[in-house]
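Below is one structure; the comments refer to it alone.
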Amino acid sequence: MVQKILLTGGAGFIGSHTYVALKAAGYEAVILDNFSNARQDVIDRLEIITGAPVEHVVGDVLDGALLDRIFSEHAIQAVIHFAALKAVGESVDKPLDYLNTNIVGLYSLLGAMQRAELFSLVFSSSATVYGEPARLPVDETAPRSFNNPYGFTKLVCEQSLEQIAASDDRWAFGVLRYFNPVGAHETGLIGEDPNDIPNNLVPYIAKVATGELEQLSIWGDDYDTPDGTGVRDYIHVMDLARGHVQSLDALLASGAGHVVNLGTGTGYSVLDVLRAYERAAGRTLRYRIAPRRAGDVACVYGDTQLAEQTLGFKAELGLDEMCASSWNWVSRRKNT
Ligand code: WQD
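As structure tokens, then:
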């Protein structure tokens, strides 16, 4: 029997790419999204990519009655929970929105799953729970902390899932700690599509490359890193999507939960990324050195062994492919 999965926030950047990967792996899927950070036409573009209608519901995970209706109308076997707010800076400005959407939203979903007797959940977490790791590469046993409301919500959600799983062995959680997802599907029909000025590095560079923004501000070049700029573990969004499929496969096959890093294990600096993007776009991109951004850490990249041992997951795409796929996406969008 084909297994059907609910993707909350499935119209978003990671969710839409995971939808494509799930369909390619033979799963059926239903998207629930309030479209607060996604364009409605992503559904049409997903239908072009997958060659089939995309079942979707417009709504919010905080709406328990809607979730009950979805679980009664669709034979869902598991849920992948993407629906959350994820901008660090915005979380400082709107902490209550973040606590409500990210924490209460998860509890609303878990309550509806329990009412429907569904106990398999893949949860979108983040390397942000590691703060500034004492040791690199950072592995899953590293201490967790937070230094902004967004990071706080991710930590509280992880600890909540731990408590539930420890008390009730019907539950199985796949907790995936993303490093820095970038890039786009090879068709260039879906990609990262921030509503306003991007907070994150690659979508900002992309808008410099298309001419929508004038220059990149590099937040600090005096870090203790090879070229002084911040180092991160960038992972291609299609590798990340595949990681979700492998997490789901493992959950449904074994009923056992896991907490794993989804990264490449390689750190690249801001300047490395800028140069890679220049190669992808075939043009020089303007930048200036600006003061450090509050809350930034110097260097983070992940230990990928546990994901490989537990899920058989290993990232395959490199920085040049990430930038080339991003450039293909943004240059297509600008021309449409
Ligand atoms: C990367 C590097 C910046 C923008 C955040 C969240 C994390 C996850 C991904 C949700 C840093 C530098 C950036 C710019 C710059 N989000 N930079 N100029 O901060 O590693 O992670 O987004 O899950 O939880 O914390 O990503 O892309 O913002 O920054 O110099 O205009 O690029 O200083 O070194 P970050 P980022």
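Quick note on my numbering: the sequence shown kicks off at 181 and runs consecutively. Backbone N, C-alpha and C define an ideal beta-carbon position, used for all residues, glycine too.
Buried or exposed by the 16-neighbour rule on C-beta atoms within 10 Å, applied to residue i
| i | result |
| --- | --- |
| I385 | buried |
| P329 | buried |
| G192 | buried |
| L276 | exposed |
| V182 | exposed |
| K514 | exposed |
| Q470 | Looking at the sequence provided, one finds Ala at residue 470 rather than Gln. Exposed: under 16 other Cβ atoms inside 10 Å. |
| Q339 | exposed |
| S271 | buried |
| N375 | exposed |
| G492 | exposed |
| I398 | buried |
Element boundaries [beta strand (DSSP E), containing residue i]
| i | result |
| --- | --- |
| V182 | Run containing V182: none; DSSP gives neither H nor E here. |
| G438 | The amino acid occupying residue 438 in the given sequence is His; Gly does not appear at that position. Residues 438-442. |
| R225 | Counting along the chain, R225 falls outside any beta strand (DSSP E), though it belongs to the alpha helix (DSSP H) covering 222-230. |
| L396 | 396-399 |
| I377 | No beta strand (DSSP E) contains I377, which DSSP labels as neither H nor E. |
| A495 | Element bounds for A495: n/a, residue is neither H nor E. |
Rounded Cβ spacing between residue i and residue j (contact assumed at less than 8 Å)
| i | j | result |
| --- | --- | --- |
| A307 | G189 | Actually they are not in contact, since the Cβ atoms of A307 and G189 sit about 19 Å apart, beyond 8 Å. |
| K184 | A209 | 7 Å |
| V539 | G285 | This structure cannot settle anything about residue 539, because the visible part of the chain is limited to 181 through 516. |
| Y358 | L442 | 5 Å |
| D348 | R295 | The Cβ separation is near 14 Å, so there is no contact. |
| L301 | I256 | Not a contact, Cβ separation roughly 11 Å. |
| I194 | L369 | Contact flag wrong, Cβ pair sits at about 16 Å. |
| A478 | T367 | In fact, because the Cβ distance is near 36 Å, the residues do not count as touching under 8 Å. |
7 Å CB neighbourhood of residue i in its chain, flanking five on each side removed
| i | result |
| --- | --- |
| A461 | A389, W507 |
| T281 | A264, L265 |
| Q395 | V388, R466, Y467, R468 |
| M502 | V362, G363, Y414, H416 |
Boundaries (first-last residue) of the alpha helix (DSSP H) holding residue i
| i | result |
| --- | --- |
| W507 | 499-514 |
| D213 | That residue, D213, is in no alpha helix (DSSP H); its beta strand (DSSP E) goes 208-213. |
| L246 | 244-253 |
| A487 | 485-491 |
| H416 | From DSSP, H416 is part of no alpha helix (DSSP H) but of the beta strand (DSSP E) over 414-416. |
| F193 | 193-204 |
| R455 | 450-461 |
| S340 | 329-347 |
| S325 | Where S325 is concerned, there is no enclosing alpha helix (DSSP H), given that its DSSP letter is neither H nor E. |
| G189 | Premise fails: G189 is in no alpha helix (DSSP H) and is neither H nor E. |
| P275 | 275-278 |
| R468 | Where R468 is concerned, there is no enclosing alpha helix (DSSP H), although the beta strand (DSSP E) it sits in stretches over 467-470. |
| G285 | 285-295 |
Residues near residue i by beta carbon distance below 6 Å, same chain, minus five either side
| i | result |
| --- | --- |
| S505 | G363, A364 |
| G437 | A345, A352, F353 |
| L499 | Y448, A456 |
| V439 | E320, V355 |
| D407 | S449, L451 |
| E235 | V210 |
Same chain only: Cβ atoms within 8 Å of residue i, ignoring 5 sequence neighbours per side
| i | result |
| --- | --- |
| T464 | E458 |
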